[in-house]
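> One structure, pasted below without further comment.
Numbering (our numbering), first residue to last: 1 to 305.
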């Protein structure tokens, strides 16, 4: 079986881990090289990007993009995991909290923040995931990470339950934001539901379900669901090179280009439109292949620059 290459935009169902989804797509597709770009907790649903074949080599660029979430938060209840799957550790009356107070706190949270990852997370401490230590009753010091909240908007108001739309940078823990919101309001809070609406340019409205993936595979139509791997690279400028330079690039050799660098990375395409490589600038005119994508001549999985 020829290896499939591309990006699969999955609407992750609640209750499955991101690794569960990867395992299921591996089984459905018969592909060994399948990975996800950005973990979602089991409680969460929405956009989960899977990379198949050579697309696994561009997952870092997918993960680097900003995310948009719709978060369901319950005020007045604090849990040890910061979400509804944890144990309740405190309850406070929140009926006095006003919509204006919540909107004010959300506005104050916008911008750069130093966020401390929760203990119940997959981040490792001396080789052990934090959530395993937390389950043993251990707490360790975690370094704060710089994140950016581009926007936080209150969507629904049904106290004690509210819904918030959050546009944030990579690495943001929405559970921690829900917890911090409760702390700032003085009543506590935890996350009860989460949907990733977008990851970079990939939208939930364009995502497919696991059932649709399975049906497509059964009818030999799975490739039609795959987006080209260079969909992850659209932030970088593109250039089409001549045949002689294309051959050198495919062999990982440095090339000189007349086009001055518009950034440190550049997409290089063959004359027939195939994505050749991601080039890194060495000087004003010299470029070094950073990642070479060897694709068959009949491969049509590309986006024109």
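We treat Cβ as the ideally placed atom computed from N, Cα and C, and that holds for glycine. Here the structure is a predicted model, which is why all the values come from computation and not from measurement.
Taking the straight line between their C-alpha atoms, what separation do you get for residue 137 and residue 182?
Going by the C-alpha atoms only, they are around 23 Å apart.
> What I want to know is whether the C-beta of residue 112 ends up closer than 6 Å to one or more non-hydrogen atoms of the ligand FMN.
This structure lacks the ligand FMN, and indeed carries no ligand of any kind.
> For residue 10, does the three-state DSSP call read helix, strand or coil?
Three-state DSSP puts residue 10 in a strand.
> According to DSSP, is residue 203 helix, strand or coil?
Residue state, collapsed to three classes: strand.
> Whole angstroms is fine: what's the gap from residue 113's alpha carbon to residue 149's?
Residue 113 and residue 149: Cα-Cα distance of roughly 7 Å.
> Cα separation between residue 172 and residue 68?
Rounded to whole angstroms, residue 172 to residue 68 spans 11 Å at the Cα level.
> Could you tell me which residues DSSP pairs with residue 51 in its beta bridges?
According to DSSP, residue 51 bridges with 7 and 35.
> I need the DSSP call for residue 110, collapsed to helix, strand or coil.
Of the three classes helix, strand and coil, the one that applies to residue 110 here is coil, per DSSP.
> Which of helix, strand or coil does DSSP assign to residue 262?
Here residue 262 sits in coil by DSSP.
> Enumerate in chain order the residues of its own chain whose CB-to-CB distance from residue 101 is below 8 Å, with the five nearest sequence positions on each side excluded.
Taken in chain order, the residues that qualify are 185.
> Going by other Cβ atoms of all chains shown within 10 Å of its Cβ, with 16 needed for buried, is residue 88 buried or exposed?
Classification of residue 88: exposed, given that the 10 Å Cβ count is below 16.
> Check each candidate in 202, 108 and 177 and name the one with the smallest Cα separation from residue 190.
Checking every option, the nearest Cα to that of residue 190 belongs to 177.
> Would you mind giving the Cβ-Cβ distance between residue 35 and residue 59, rounded to the nearest angstrom? I have them listed as a contact below 8 Å.
Indeed they touch by this definition, with Cβ atoms about 6 Å apart.
> Hey, is the stretch 120-139 in contact with the stretch 213-233, meaning 3+ C-beta pairs nearer than 8 Å?
No, they do not touch.
> Residues in the same chain with beta-carbon distance under 7 Å from residue 168, minus the five sequence neighbours each way, listed in chain order, please.
Excluding residues within five positions, the ones whose Cβ falls inside 7 Å are 66, 67, 147, 148, 149 and 150.
> When you compare only the Cα positions, how much space is there between residue 26 and residue 61?
Distance between the alpha carbons of residue 26 and residue 61 is about 22 Å.
> With DSSP as the reference, label residue 285 as helix, strand or coil.
Correct three-state label for residue 285: coil.
> Does the pairing of the stretch 222-235 with the stretch 71-80 give three or more beta-carbon distances under 8 Å?
These segments do not touch.
> With burial defined as no fewer than 16 other Cβ atoms inside 10 Å of the residue's Cβ, what is the status of residue 83: buried or exposed?
Result: buried.
> To the nearest angstrom, how far is it from the Cα of residue 304 to the Cα of residue 197?
Low per-residue confidence applies at residue 304: pLDDT is 45, beneath 50, and the placement is therefore not dependable, though the value from the model is reported in the following sentence. Going from the Cα of residue 304 to the Cα of residue 197 covers about 26 Å.
> Which residue wins for smallest C-alpha separation from residue 32, given the options 22, 41, 38 and 202?
Answer by Cα proximity: 22.
> Determine whether the beta carbon atoms of residue 194 and residue 44 lie at a separation below 7 Å.
Yes, Cβ-Cβ distance for residue 194 and residue 44 is below 7 Å.
> In whole angstroms, give me the CA-to-CA distance for residue 302 and residue 287.
Low per-residue confidence applies at residue 302: pLDDT is 48, beneath 50, and the placement is therefore not dependable enough to give any value.
> When you compare each of 267, 10, 155 and 179 to residue 51 by their alpha carbons, which one comes out closest?
If we check each option's Cα against that of residue 51, 10 comes out closest.
> Can you grab the Cα-Cα spacing for the pair residue 264 / residue 280, in whole Å?
About 6 Å.
> Looking at the strands, I want to know which residues DSSP matches up with residue 239.
BP columns for residue 239 point to 268.
> Going by Cα to Cα distance, which pick from 278, 242 and 192 is closest to residue 79?
Ranking the options by Cα distance to residue 79, first place goes to 192.
> Under a three-way DSSP split, which group does residue 105 fall into?
DSSP places residue 105 in helix when its eight states are reduced to three.
> Mapping DSSP to helix, strand and coil, what is residue 15?
Of the three classes helix, strand and coil, the one that applies to residue 15 here is coil, per DSSP.
> Using 8 Å for Cβ pairs, my map puts residue 4 next to residue 222. What's the rounded Cβ distance?
7 Å between Cβ atoms; contact.
> Helix, strand or coil for residue 302 per DSSP?
Because residue 302 sits at a pLDDT of 48, beneath the cut-off of 50, its placement in the model cannot be relied upon, and the following sentence gives the value as read from the coordinates. Three-state result, residue 302: coil.
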